[in-house]
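Student:
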Amino acid sequence: SQTIHQWPATLVQPVGSPLSLECTVEGTSNPNLYWYRQAAGRGLQLLFYSVGIGQISSEVPQNLSASRPQDRQFILSSKKLLLSDSGFYLCAWSRGGRAEAFFGQGTRLTVV
Amino acid sequence: QKEVEQDPGPLSVPEGAIVSLNCTYSNSAFQYFMWYRQYSRKGPELLMYTYSSGNKEDGRFTAQVDKSSKYISLFIRDSQPSDSATYLCAAPSSSGSARQLTFGSGTQLTVLP
Numbered sequence: 001s002q003t004i005h006q007w008p009a010t011l012v013q014p015v016g017s018p019l020s021l022e023c024t025v026e027g028t029s030n031p032n033l034y035w036y037r038q039a040a041g042r043g044l045q046l047l048f049y050s051v052g053i054g055q056i057s058s059e060v061p062q063n064l065s066a067s068r069p070q071d072r073q074f075i076l077s078s079k080k081l082l083l084s085d086s087g088f089y090l091c092a093w094s095r096g097g098r099a100e101a102f103f104g105q106g107t108r109l110t111v112v
Numbered sequence: 113q114k115e116v117e118q119d120p121g122p123l124s125v126p127e128g129a130i131v132s133l134n135c136t137y138s139n140s141a142f143q144y145f146m147w148y149r150q151y152s153r154k155g156p157e158l159l160m161y162t163y164s165s166g167n168k169e170d171g172r173f174t175a176q177v178d179k180s181s182k183y184i185s186l187f188i189r190d191s192q193p194s195d196s197a198t199y200l201c202a203a204p205s206s207s208g209s210a211r212q213l214t215f216g217s218g219t220q221l222t223v224l225p
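Going line by line, the protein sequences match chains A and B.
Under the working numbering, read the first sequence as residues 1 to 112, first letter to last.
Under the working numbering, read the second sequence as residues 113 to 225, first letter to last.
#1: Of all Cβ atoms in chain A, is any one closer than 7 Å to the Cβ of B/Tyr199?
#2: Identify whether A/Ser84 lies in helix, strand or coil by the three-state DSSP scheme.
#3: For the candidate residues B/Pro120, B/Met160, B/Asp170, whose alpha-carbon lies nearest to that of B/Tyr144?
#4: Can you list, in chain order, the residues of its chain whose CB lies under 7 Å from that of A/Gly16, leaving out five sequence neighbours each side?
#5: Compute the Euclidean distance between the alpha carbons of B/Asp178 and A/Val111, then round it to the nearest angstrom.
#6: Taking 7 Å as the cut-off, decide whether the C-beta atoms of A/Gly104 and A/Cys23 are in contact.
#7: What span of residues does the beta strand (DSSP E) with A/Leu76 cover, start to end?
#8: Is there a Cβ from chain A that is less than 7 Å from the Cβ of B/Lys168?
#9: Considering only the beta carbon of each residue, do A/Ser94 and A/Asn30 sit closer than 7 Å?
#10: Taking A/Gln45 as the reference, which of A/Val51, A/Tyr89, A/Pro18, A/Ile4 has the closest Cα?
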């Protein structure tokens, strides 16, 4: 069976510090990978998606970037965090050609 | 106008009640719909998916799509306190070879024991 791991679960970072959130998927190969941000009462906002190693599409211009160094690894980064980067970040995967996405448990980021 | 609209609630019902959760959508190209359940501080969990119009039943859950009115519903029979969560509807759009989901903002449900 497939599993998705996302860490850390909670993170408190000062403004201006760097960020690295990691996500890995097990039990499948060549998944489509996604980073979402969820704000209270505003649903899920797609930030980045990837269909393969090194292939990243950005949906929303922002202070964040994503990378996919390995087939089942997806990383969300920032060089300098802003207060507005606080939120609940979710990694997800789907099989190629399928719409069903499967989510990790999320990282709650608080920038102080 | 958002492509998928959902009443945020909160919705509070007594245990055993039938719950109706609803979404409307504006994009006629949507052919496939999903419901996710999200417990507090957790990631969303895929609950059900359905194609086109009609009903799909899975245990106490029934997903219904009415394409003529662009209306999708999730019914929960014999609701339990463990059903207390936020329910998100979603529909995919295509972009290249990746499929992306458009989510509603979620309805928060509380089932009171």
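Heads up, the beta-carbon is just placed ideally off N, CA and C, and yes, glycines get one too.
Just so we're clear, the structure is a prediction, and the values are computed from it rather than from any experiment.
Tutor: Working from what's here:
#1: Not one chain A Cβ lies under 7 Å of B/Tyr199.
#2: It is helical.
#3: Of the candidates B/Pro120, B/Met160, B/Asp170, the one whose C-alpha sits nearest the C-alpha of B/Tyr144 is B/Met160.
#4: Cβ contact annotation for A/Gly16 (same chain, cutoff 7 Å, sequence separation greater than five): Lys80, Leu81, in chain order.
#5: For B/Asp178 and A/Val111, the distance between alpha carbons rounds to 43 Å.
#6: Yes. Within cutoff.
#7: Its beta strand (DSSP E) spans residues 73 to 78.
#8: No, B/Lys168 lies away from the interface with chain A (no Cβ there is under 7 Å from its Cβ).
#9: In this structure, A/Ser94 keeps its C-beta atom at 7 Å or more from the C-beta atom of A/Asn30.
#10: Among A/Val51, A/Tyr89, A/Pro18, A/Ile4, the Cα nearest to that of A/Gln45 is on A/Tyr89.
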